[in-house]
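What follows is one structure encoded as structure tokens, with my remarks underneath.
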Amino acid sequence: MTGLAVVAMGVPVLMVLAILFRGDGAAILGITVYGLALFAMIGFSALYHMVQHARWTPIFRRLDHAAIYWKIAGTYTPFTLLSGGQGATLVAGLWAAALTGTGLRVFVPNRFKALNMTLYPAMGWAGTIAGWSLFATLSPAVMTLIVTGGVLYTVGMMFFLWEKLPYHNTIWHIFVLVASVVFFAAVTTHVIQTA
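For my numbering, add 82 to where a residue sits in the sequence shown, where the first one is 1.
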């Protein structure tokens with residue numbers, strides 16, 4: 083619930099910064115996509131973990147897991163749009179992967195589990211293979227935040243998979259929240275630096 087409150091306050095502030103510092107359609111679109119993806123990830127996670135209902139819980143679980151794909155693609159989106167379209171092919175591929183992952187999570191949630199779990203980090207780290215033109219437009223501060231956030235998500239995922247560890251899911255969610263804040267800082271910094 084705390085994450086949802088932070089997103090509800092932070093995304094509008096980021097939108098105002100994008101309007102004040104940039105004011106162009108690309109910046110506003112990029113921040114809108116990022117904000118919606120972040121809100122979906124945190125929101126569906128909150129619904130899944132807070133609403134215990136025989137009919138709704140399985141639906142919220144599917145959306146919770148699908149929204150992670152949206153958040154990954156949605157996080158790359160503002161960097162591309164704020165950087166003059168650098169990395170557009172990468173972002174298009176990530177959104178295609180997000181749609182594929184969503185289809186798997188929503189329509190066949192109990193099949194292809196290994197593929198689903200592999201797709202998350204593969205999408206997150208895809209920039210290391212196909213994102214060099216985009217990364218070249220980013221400052222060292224923004225790149226440091228991006229790498230830090232990526233490492234936090236990846237380490238957190240290890241705790242998520244370590245099901246025998248007590249409180250593994252809580253530890254995972256702490257990593258997710260901290261990584262989300264780090265990426266929010268990266269996007270905010272890039273908005274200000276590209277003004």
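Note that beta-carbon positions come from the ideal geometry of N, C-alpha and C, so glycine has one too.
When you compare the segment 135-148 with the segment 85-99, are there three or more beta-carbon pairs, one atom per stretch, that lie closer than 8 Å? Taking 8 Å as the limit for Cβ pairs, the verdict is that the segment 85-99 does not touch the segment 135-148.
List the whole-angstrom C-beta distance separating residue 172 from residue 208, where the pair is believed to meet the contact cut-off of C-beta under 8 Å. For the purposes of this step, residue 172 is taken as residue 90 along the sequence shown, with counting starting at 1. For the purposes of this step, residue 208 is taken as residue 126 along the sequence shown, with counting starting at 1. Residue 172 to residue 208, Cβ: 6 Å. Contact.
How far does the alpha helix (DSSP H) with residue 275 in it extend, from its first residue to its last? Here residue 275 refers to the residue found at position 193 of the sequence shown. Counting along the chain, the alpha helix (DSSP H) containing residue 275 begins and ends at 250-275.
Nonlocal neighbours in the same chain, by C-beta distance under 6 Å from residue 154, ignoring five residues either side: Within the sequence shown, the letter at position 72 stands for residue 154. In its chain, beyond the 5 residues on either side, 205 and 206 have a beta carbon closer than 6 Å to the beta carbon of residue 154.
Anyone know if the C-beta pair for residue 215 and residue 169 falls short of 8 Å? Working through the sequence shown from its first residue, we reach residue 215 at position 133. Working through the sequence shown from its first residue, we reach residue 169 at position 87. In this structure, residue 215 sits near residue 169, with a CB-CB distance shorter than 8 Å.
Return the Cβ separation of residue 162 and residue 224 in integer angstroms, given the expectation that the two are a contact with Cβ distance under 8 Å. Stepping through the sequence shown from its first residue, residue 162 is reached at position 80. Stepping through the sequence shown from its first residue, residue 224 is reached at position 142. Not a contact, Cβ separation roughly 13 Å.
Secondary structure, beta strand (DSSP E): runs of 3+ residues fully inside the segment 210-235: Considered as a whole, the segment 210-235 harbours no complete run of any beta strand (DSSP E) with no fewer than 3 residues.
Just how far apart, CA to CA, sit residue 255 and residue 238? One-based indexing of the sequence shown puts residue 255 at position 173. One-based indexing of the sequence shown puts residue 238 at position 156. Cα to Cα, residue 255 sits roughly 8 Å from residue 238.
Determine the contact status of residue 201 and residue 179, defining contact as a CB-CB distance below 8 Å. Along the sequence shown, one-based indexing puts residue 201 at 119. Along the sequence shown, one-based indexing puts residue 179 at 97. Against a cut-off of 8 Å, the Cβ pair of residue 179 and residue 201 comes out as a contact.
Inspect the beta-carbon positions of residue 184 and residue 116 and report whether they are closer than 8 Å. Counted from its first residue, the sequence shown places residue 184 at position 102. Counted from its first residue, the sequence shown places residue 116 at position 34. Not a contact, by the Cβ cut-off of 8 Å.
Just to confirm, is the Cβ distance from residue 266 to residue 253 under 8 Å? Position 184 of the sequence shown holds residue 266. Position 171 of the sequence shown holds residue 253. Contact flag unset, no.
Nonlocal neighbours in the same chain, by C-beta distance under 7 Å from residue 101, ignoring five residues either side: One-based indexing of the sequence shown puts residue 101 at position 19. If we look at residue 101 and ignore the five residues flanking it on each side, its Cβ neighbours are 110.
Under a three-way DSSP split, which group does residue 241 fall into? Sequence index remark: in the sequence shown, residue 241 carries index 159 (1-based). Looking at residue 241 - three-state DSSP - the assignment turns out to be helix.
Taking 8 Å as the cut-off, decide whether the C-beta atoms of residue 268 and residue 231 are in contact. Residue 268 sits at position 186 when you count from the first residue of the sequence shown. Residue 231 sits at position 149 when you count from the first residue of the sequence shown. Cβ atoms of residue 268 and residue 231: closer than 8 Å.
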